[in-house]
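K.L.:
There's a structure below that I have some questions on.
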Amino acid sequence: KKRAMSELAAALEKVKGTSGNILSEMSTKLERVEKENNDLQEEVDIYRVEVENEKKRAMSEIEMVRRRGEELRQKMQHDADLRFEEVRKEEEKKREMMVGKMEGELERSHQQFKMEVEQL
Numbered sequence: 315k316k317r318a319m320s321e322l323a324a325a326l327e328k329v330k331g332t333s334g335n336i337l338s339e340m341s342t343k344l345e346r347v348e349k350e351n352n353d354l355q356e357e358v359d360i361y362r363v364e365v366e367n368e369k370k371r372a373m374s375e376i377e378m379v380r381r382r383g384e385e386l387r388q389k390m391q392h393d394a395d396l397r398f399e400e401v402r403k404e405e406e407k408k409r410e411m412m413v414g415k416m417e418g419e420l421e422r423s424h425q426q427f428k429m430e431v432e433q434l
């Protein structure tokens, strides 16, 4: 019985030693995994900041392009308005010249008609 107890105690010590080694190994592995996790989290945080900065830059560029587009649209509208006014004035001058020409022809016809009436 004493020998069985002694063997049991030796076996228990061996199990304690083995479980201690296993616990030590697991603890070491856990520390390594936690460090890797922290390192990865730092990388994720850095990447998140970079993405956010890139997003802000892109939004700024989009706003700049939008403003430039609006400026160009306003300039084109202004140029079109000026050209329209220029063409309108040219057309008005042409009409005035045509009216003047027609009035002149009408006056000549009237004078010719008066002369013909006087001759009768």
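The sequence shown begins at 315 in the working numbering and counts up by one. Positions of the beta carbon are idealized from the N, C-alpha and C atoms, including for glycine.
DSSP state of Leu420, grouped into three classes?
P.N.:
If DSSP states are grouped into helix, strand and coil, Leu420 belongs with the helices.
K.L.:
Give the DSSP-derived three-state secondary structure of Leu386 in the structure shown.
P.N.:
It is helical.
K.L.:
Helix or strand or just coil, what does DSSP make of Leu322?
P.N.:
If DSSP states are grouped into helix, strand and coil, Leu322 belongs with the helices.
K.L.:
Report the three-state DSSP secondary structure of Leu396 (helix, strand or coil).
P.N.:
Of the three classes helix, strand and coil, the one that applies to Leu396 here is helix, per DSSP.
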